[in-house]
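Heads up, the thing below is written out as structure tokens.
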Amino acid sequence: MLEGYLRMMGFEETQPLTYYLNYVTYSGNGKQKEEANLQTSEFSLNSLLGKKVQFYLSGLIRCVDCGRSTKKAFGNSCYSCFIRLAKNDTCMVHPETCHFLHGTCREPDWGKENCIKKHTIYLANTSGLKVGITREEPPTKRWVDQGAIQAIPILEVKDRKTAGEIEKFLANSLNDKTSWQKMIGGKPEELNLSELRRVNLEKLPDILLKEKKAKVQNKKETSLEYPVIDYKSKKVSYKPGKILEDELIGIKGQYLLFRTCVINLRTYSGYHFTLSF
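Numbering of the sequence shown is given in the numbering used here, commencing with residue 2 and proceeding in unit increments.
Right, here's the structure in full:
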């Protein structure tokens, strides 16, 4: 049996992807700030496919930032960290509103490290074609977390705000969000991302690219395959407090797919769990 506080799954770039369960443990009672002890399952979650497992979220929550116990999660943080940390600011959802250069970032050092760095604008095939941005290098982690079966870089820019502005421009004609129901419901039709990159680059005015000093990317597309044996999972999200005994039929993005429901481990990062098999 595995037990601890959930974190997002890790993976290896195999075909299909190999997933590992990441979780943390603590030594104290949760009343004080605590460092998390990161654990990684020594076996791949892929080995549980087709098997009945028992999964349980007790409802106990520890802030992913400070480790304190909290009755309610704000994102994956306690309320104190939610209002204090820059990573929880609304500009993380709307990158075009990044205000670091105005001197109003909650954590200037964090902002310099995470926002004033190269970002990639990309196209991905998740629940269909979408545009997105990432500071991940390589960007594969972002694509896997979104459940993309194909992805290709378009541009590289100097900071998060610039990436957000170009993403917003392209989002006038492209989706910038993934439908999780469609994403876990099957493989979308494959797309010619190289051609779609060319088409969407032509939509961008030359003056915009020059002003933003955007570098066109010519890298080949990345194809990703997920460990799914059956997409016949009900589009119902598991809720904490109930023991789930069910067959694991797939893993895609940050979702565990069962016959009767699905679990988004991103949503429940910081929640106490047990997994028996």
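Where a beta carbon is used, it is the ideal one built from N, C-alpha and C, also for glycine.
Here the structure is a predicted model, which means the values were calculated and not measured.
Looking only at C-alpha atoms, which of the options sits nearest to residue i?
i      : options                         : result
ASN126 : GLU36, LYS183, ARG199 and LYS72 : LYS183
LYS213 : GLN255, GLU190 and VAL158       : VAL158
PHE259 : TYR27, ARG143, LEU50 and ASN89  : LEU50
SER270 : TYR256, SER45 and PHE278        : TYR256
PHE56  : PRO96, VAL25, LEU39 and LEU3    : LEU3
Below 7 Å CB to CB, which residues in the same chain sit around residue i once its five sequence neighbours on both sides are set aside?
i      : result
LYS188 : ILE150
ILE155 : ILE122, TYR123, LEU124, ARG198, ASN201, LEU202 and GLN218
PHE300 : As shown, the chain starts at 2 and ends at 278. That puts residue 300 outside it, with no answer to give.
Here's a check: name, in chain order, each residue in its chain whose Cβ is nearer than 6 Å to the Cβ of residue i, leaving out the five neighbours to either side.
i      : result
LEU202 : none
CYS79  : CYS64, ARG69 and THR71
ARG161 : PRO96, CYS99, CYS116 and HIS120
CYS106 : ALA87 and GLY112
VAL54  : LEU249 and PHE278
THR223 : ALA152
LYS220 : PRO154
ALA215 : LEU156 and VAL158
Applying the criterion that 16 or more other CB atoms from any shown protein chain within 10 Å of the CB defines a buried residue, is residue i buried or exposed?
i      : result
GLU168 : buried
GLN33  : exposed
THR163 : buried
GLN147 : buried
ILE134 : buried
PRO228 : buried
Which of the three DSSP states, helix, strand or coil, is assigned to residue i?
i      : result
GLN182 : helix
ILE167 : helix
LYS119 : coil
ILE252 : strand
ASP247 : strand
GLY112 : helix
TYR227 : coil
PHE83  : helix
LYS211 : helix
PHE75  : strand
SER277 : strand
Between residue i and residue j, which are expected to be in contact by the criterion C-beta below 8 Å, what is the C-beta distance as a whole number of angstroms?
i      : j     : result
TYR27  : THR41 : Actually they are not in contact, since the Cβ atoms of TYR27 and THR41 sit about 16 Å apart, beyond 8 Å.
SER128 : SER45 : That belief does not hold up - the Cβ atoms of SER128 and SER45 are roughly 25 Å apart, past 8 Å.
I'd like the list of long-range same chain contacts for residue i, defined as Cβ closer than 8 Å, with 5 residues on each side in sequence excluded.
i     : result
ASN38 : VAL25, THR26, TYR27 and SER28
Measuring only between beta-carbons, confirm whether residue i sits less than 8 Å from chain C.
i      : result
ILE155 : As a matter of chain content, chain C is missing from the structure shown, which is built from one protein chain.
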